[in-house]
Amino acid sequence: MDRLYRLTQDGLCSQLNTQLNELSNAVDYLITLNWYDGEHLSLLMIAAKNGHDDLVRILLSYYNSVEQVELKGTVKKPDGEYIGGGTALYAACFYGHFTVAKTLIEIGHANPLQDTYEYPHCPLLIFATTMDRLDIVRFLVENSYSDVNETKSTDRNRCTALTWAALRGYTSIAKYLVENGADVNYCCSSAYLTARTPISFACQTVHVEVVRLLYDAGADIMIRNNTGRTLLDNAIERNSHPMINFLLEKSINTIEDVELAVCSRSYRSFSNVFSDKVVSLLKLVLHQRDLLQKPKICSPPKSIYNHEQECQTIEELAKIEGNRDRMYIETLLIRERIFQSRNSIEIIECLNDYANMLNAHKEFGKCIDIGIHLFYFRQQNHFETSLHGFVQVCQLVFEPSQIDYPTSIYSAVLLVVIATKILDQQENTKEEKKLIYNWIEVLCQHKMITEHGLTLIHICAMKETNSNVNCRSQKLRRHLQFPNVAAFRLLLYCGRQYLCYDAVDFSNGNTALHCLCRDSNDKEFIKLLLDYGFHVDCVNEDGYLPIDYVKNDEIKTLLKSKTNPSRLKCLCARMIAQQCFNIECLGPPSSCLNQFVLLHGGLHANPTCGTANDKTEL
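If you're matching positions, the sequence shown starts at 1 in the UniProt record's numbering and goes up one per residue.
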């Protein structure tokens with residue numbers, strides 16, 4: 001075999017021919033792969049790689065079969081990389097021996113659609129494109145061995161060579177393919193791809209020259225990827241100034257489009273990296289405004305924005321870029337200017353987010369100002385101000401298909417939190433507020449609990465509830481923090497006669513006060529529960545009172561003030577529980593008296609006695 005290899009390597013046709021004639025099993029040698037310096041090759045591959053067309057013809061004359069022609073080995077490319085699963089045709093093409101490649105296709109019937117191990121499902125045209133080999137692409141197309149539109153990957157994506165050229169940013173290949181009729185608006189088949197057309201692939205990978213080429217060739221620039229992102233969205237996400245400049249240059253987008261897209265992605269809590277990106281892009285916009293002599297038309301200063309005004313120059317922006325709060329105000333000012341000019345209702349959502357953030361920081365005066373500001377905006381632009389739509393959504397919690405659904409109670413609590421935000425807005429009428437109050441009252445009447453015995457007030461008092469809102473949109477999660485005093489207060493205000501203050505969960509026998517003392521140091525929140533009569537000496541299954549979870553001295557003092565002096569019936573109930581007296585004579589386990597004993601240590605002394613989730617009259 002080594003002698004055959006050397007003869008083939010050196011292109012010694014007559015000697016190889018003689019040697020093969022002397023072999024009784026020559027075909028076996030022709031379909032055998034051997035390792036040579038890291039390559040796994042057949043004799044045909046060696047001849048093709050070295051450009052020996054005469055030798056290729058001799059080898060085909062001995063055995064012109066798919067078994068030899070499509071045999072897959074490991075071919076080393078000129079750049080030192082390897083093609084795993086390459087055939088003789090791949091070897092000829094990647095070493096530029098196109099006469100040999102033509103012989104293999106036309107005499108040996110080599111298949112240009114054959115793939116490799118490295119790129120399964122990709123024909124030679126697409127593989128050559130991914131390797132930026134324009135010479136191979138040209139050879140295949142000009143000899144009609146491959147078609148720029150019909151030759152596609154055989155996987156579910158069904159990508160063309162132009163798709164890959166756009167993705168990799170190979171402008172020369174993309175230009176050649178377009179000039180030879182490639183469909184610039186071809187859409188890949190798979191819905192799993194983020195981008196599906198050549199221009200969306202090129203924009204996603206920020207290859208501006210390819211985008212320019214495709215745009216000039218008539219590519220659809222309004223295309224969105226499967227997540228709804230536009231070319232501008234992708235450019236901003238990747239902080240590509242050249243791409244944004246191109247979109248502005250071709251009037252595909254306006255300066256206002258860019259400003260809005262940038263600012264809509266920024267929040268007060270954004271990371272330093274993202275903050276730097278926002279500043280960078282806003283400086284780009286200001287530079288473009290300066291070039292086009294297109295200054296901003298700003299409204300007078302407003303108290304809701306701390307009487308700040310938009311930056312008109314890069315120098316002004318540079319002065320505030322280190323102040324994240326001021327940068328957040330800057331993005332709000334920009335969005336309001338654009339939404340106002342477009343008469344867009346999106347300003348309401350934008351400012352509601354701002355109001356909710358201020359409310360969380362107890363800046364109630366500004367919240368009222370925003371409410372008034374939005375009220376006048378709605379009135380001037382004839383936008384609906386009614387809360388009926390929100391209440392209709394709330395009513396869905398009571399649908400038969402939802403009432404017993406495990407997560408419905410969490411959805412109900414989230415709606416209560418949202419209601420607290422809405423009720424903070426001063427433009428609501430008494431009738432509209434009453435709609436919300438009535439809904440919450442009915443919610444409390446339903447006495448919903450989780451499979452672990454958690455009630456509405458448990459959920460509002462627990463930090464663990466935060467993990468149950470992770471499935472919600474990021475926009476919503478920013479305003480859902482637990483324990484949540486506003487939601488708790490609203491439940492008490494609307495439905496206190498239906499709530500069981502001393503209900504215990506099934507896992508640990510904790511009341512809502514246990515949960516709050518464990519998860520919060522908010523003295524005012526805990527005082528709220530005490531003022532409403534929550535029982536301070538309930539004992540859970542671990543034998544702990546709410547005060548046992550408190551580390552803050554002021555809160556401990558507050559709780560002790562509610563237990564001194566102890567009420568006689570509480571002392572008696574605790575003694576009965578601690579001494580494990582037989583309480584069957586007091587009535588069934590669900591009786592008020594037995595439940596009262598359970599709350600004072602019965603759960604700890606005998607966890608199987610029952611639960612305390614019925615309302616207990618103390």
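A virtual CB, placed ideally from N, CA and C, is assigned to each residue, including glycine.
The structure displayed is predicted, hence computed values, not measured ones.
Pick from R496, N253 and K294 that is closest to N234, judged by C-alpha positions:
Walking along the sequence shown from the start, residue 234 turns up at place 234. Of R496, N253 and K294, the residue nearest in Cα terms is N253.
L113 vs T160 beta-carbon contact at 9 Å:
Taking the sequence shown and counting its residues from 1, the one referred to as residue 113 is at position 113. Taking the sequence shown and counting its residues from 1, the one referred to as residue 160 is at position 160. In this structure, T160 does not lie closer than 9 Å to L113 by Cβ.
When we look at the beta-carbon of K319 and count the other beta-carbons within 10 Å, is it buried (16 or more) or exposed?
Along the sequence shown, read from residue 1 onward, the residue named residue 319 stands at position 319. By the neighbour-count rule (16 or more Cβ atoms within 10 Å), K319 is not buried but exposed.
Buried or exposed, going by whether 16 or more other CB atoms sit within 10 Å of the CB of I297?
By one-based count along the sequence shown, residue 297 stands at place 297. Label assigned to I297: exposed.
Helix or strand or just coil, what does DSSP make of T129?
The residue labelled residue 129 in the question sits at position 129 within the sequence shown. Three-state result, T129: helix.
Please name the residue or residues paired with residue 627 in a DSSP beta bridge.
Only positions 1 to 618 of the chain appear in the structure, and residue 627 is not among them; the question remains open.
Taking only runs of the alpha helix (DSSP H) that begin and end inside the segment 313-344, which ones reach a length of at least 4 residues, in chain order?
314-320 and 324-341
Going by DSSP, what residues sit across from H40 in a beta bridge?
As a first step, residue 40 must be located in the sequence shown, where it is residue number 40. Paired residue(s): W35 and T74.
Given a cut-off of 9 Å, decide if A166 and F127 are closer than it, judged by their beta-carbon atoms.
For the purposes of this step, residue 127 is identified with residue 127 of the sequence shown, where counting begins at 1. For the purposes of this step, residue 166 is identified with residue 166 of the sequence shown, where counting begins at 1. Against a cut-off of 9 Å, the Cβ pair of A166 and F127 comes out as no contact.
Kindly list the residues whose CB is nearer than 8 Å to the CB of A217, restricted to its own chain and excluding five residues on each side of it in sequence; keep chain order.
Sequence index remark: in the sequence shown, residue 217 carries index 217 (1-based). Close CB contacts of A217 within its chain, under the 8 Å cut and outside five residues either way in sequence, are with V178 and V184 (chain order).
Three or more C-beta pairs below 8 Å linking the segment 516-523 and the segment 427-446:
No contact exists between the segment 516-523 and the segment 427-446.
Taking Cβ to Cβ, would you say T8 is nearer than 9 Å to N50?
Indexing the sequence shown from 1 puts residue 8 at position 8. Indexing the sequence shown from 1 puts residue 50 at position 50. Between T8 and N50, the CB-CB gap stays under 9 Å.
Quick check: the Cα distance between Y176 and L59, rounded to an integer number of angstroms?
If you number the sequence shown from 1, residue 176 lands on position 176. If you number the sequence shown from 1, residue 59 lands on position 59. If I take the Cα positions, the gap works out to 35 Å.
Proximity of C13 and H40 at Cβ, strictly below 9 Å:
Position 13 of the sequence shown, counted from the start, is the residue given in the question as residue 13. Position 40 of the sequence shown, counted from the start, is the residue given in the question as residue 40. No, Cβ-Cβ distance for C13 and H40 is not below 9 Å.
State the Cα-Cα distance for the pair E310 and I334, rounded to the nearest angstrom.
Stepping through the sequence shown from its first residue, residue 310 is reached at position 310. Stepping through the sequence shown from its first residue, residue 334 is reached at position 334. So the two alpha carbons sit approximately 7 Å from each other.
Rounded to whole angstroms, what is the Cα-Cα separation between A88 and Y36?
For the purposes of this step, residue 88 is identified with residue 88 of the sequence shown, where counting begins at 1. For the purposes of this step, residue 36 is identified with residue 36 of the sequence shown, where counting begins at 1. Roughly 15 Å between the two C-alpha positions.
Sufficient close CB pairs (3 or more, under 8 Å) joining the segment 139-159 to the segment 116-126
yes
Taking the straight line between their C-alpha atoms, what separation do you get for L23 and V66?
Within the sequence shown, the letter at position 23 stands for residue 23. Within the sequence shown, the letter at position 66 stands for residue 66. Those two C-alpha atoms are separated by around 21 Å.
Can you list, in chain order, the residues of its chain with a C-beta nearer than 7 Å to that of residue 620? Leave out the 5 residues immediately preceding and following it.
No answer is possible for residue 620: the residues shown for the chain start at 1 and end at 618.
By alpha-carbon positions, which one of M243, A101, T455 and L491 ends up nearest to G509?
As a position in the sequence shown, residue 509 is number 509, starting the count at 1. The shortest C-alpha separation from G509 is found at T455.
Excluding the 5 residues preceding and the 5 following R268 in the sequence, name in chain order all residues of the same chain whose CB lies nearer than 8 Å to its CB.
Indexing the sequence shown from 1 puts residue 268 at position 268. Its pLDDT being 45, under 50, R268 is placed unreliably in this model, and the coordinates cannot settle the point.
From what residue to what residue does the alpha helix (DSSP H) around H241 run?
Taking the first residue of the sequence shown as position 1, residue 241 is located at position 241. From DSSP, the alpha helix (DSSP H) with H241 extends over H241 to E249.
Secondary structure at K277, three-state DSSP: helix, strand or coil?
One-based indexing of the sequence shown puts residue 277 at position 277. Looking at K277 - three-state DSSP - the assignment turns out to be helix.
Could you tell me which residues DSSP puts in a beta bridge with K447?
Residue 447 sits at position 447 when you count from the first residue of the sequence shown. K447 is not bridged to any residue.
What is the C-beta distance between A26 and Y62, in whole angstroms, given that I count them as a contact (C-beta under 8 Å)?
Taking the sequence shown and counting its residues from 1, the one referred to as residue 26 is at position 26. Taking the sequence shown and counting its residues from 1, the one referred to as residue 62 is at position 62. Indeed they touch by this definition, with Cβ atoms about 6 Å apart.
How many whole angstroms separate the CB atoms of G228 and T205, which I take to be in contact at a CB cut-off of 8 Å?
Mapped onto the sequence shown, residue 228 falls at position 228. Mapped onto the sequence shown, residue 205 falls at position 205. At roughly 18 Å, the Cβ-Cβ gap does not stay under 8 Å, so G228 and T205 are not in contact.
By Cβ distance below 7 Å, which residues in the same chain neighbour G108 in space, the five residues on each side in sequence not counted?
On the sequence shown, residue 108 is found 108 positions in, with the first residue counted as 1. Closer than 7 Å at the Cβ level, and outside the excluded window around G108, lie L60, N64 and V69.
C-beta atoms of V417 and L492 nearer than 9 Å
Locating residue 417 in the sequence shown gives position 417, counting from the first residue. Locating residue 492 in the sequence shown gives position 492, counting from the first residue. Cβ atoms of V417 and L492: not closer than 9 Å.
Should P242 be listed as close to the ligand COA, given that the test is whether its C-beta is under 8 Å from any heavy atom?
This structure simply doesn't include the ligand COA, nor any ligand for that matter.
Step through the CB atoms of chain D and report whether any lies within less than 9 Å of the CB of I547.
No chain D is part of this structure, which consists of one protein chain only.
So the alpha helix (DSSP H) D2 belongs to, where does it begin and stop?
To locate residue 2, count along the sequence shown from 1; it is residue 2. Note, D2: alpha helix (DSSP H), D2 to D10.
Going by the CB atoms, is the gap between L351 and I370 shorter than 9 Å?
For the purposes of this step, residue 370 is taken as residue 370 along the sequence shown, with counting starting at 1. For the purposes of this step, residue 351 is taken as residue 351 along the sequence shown, with counting starting at 1. Against a cut-off of 9 Å, the Cβ pair of L351 and I370 comes out as a contact.
Which residues mark the beginning and the end of the alpha helix (DSSP H) in which E464 is found?
What you label residue 464 is simply residue 464 of the sequence shown in a count that begins at 1. Careful: E464 lies outside any alpha helix (DSSP H) and carries neither H nor E.
So for T87, helix, strand or coil by DSSP?
Locating residue 87 in the sequence shown gives position 87, where the first residue counts as 1. Of the three classes helix, strand and coil, the one that applies to T87 here is coil, per DSSP.
Measuring straight from C-alpha to C-alpha, what distance separates S190 and T171?
Counted from its first residue, the sequence shown places residue 190 at position 190. Counted from its first residue, the sequence shown places residue 171 at position 171. Between S190 and T171, the C-alpha separation is close to 24 Å.
Could you tell me if V137 is buried or exposed, where buried requires 16 or more neighbouring beta carbons within 10 angstroms of its beta carbon?
Here residue 137 is taken as the residue at index 137 of the sequence shown, counted from 1. Flag for V137 reads buried.
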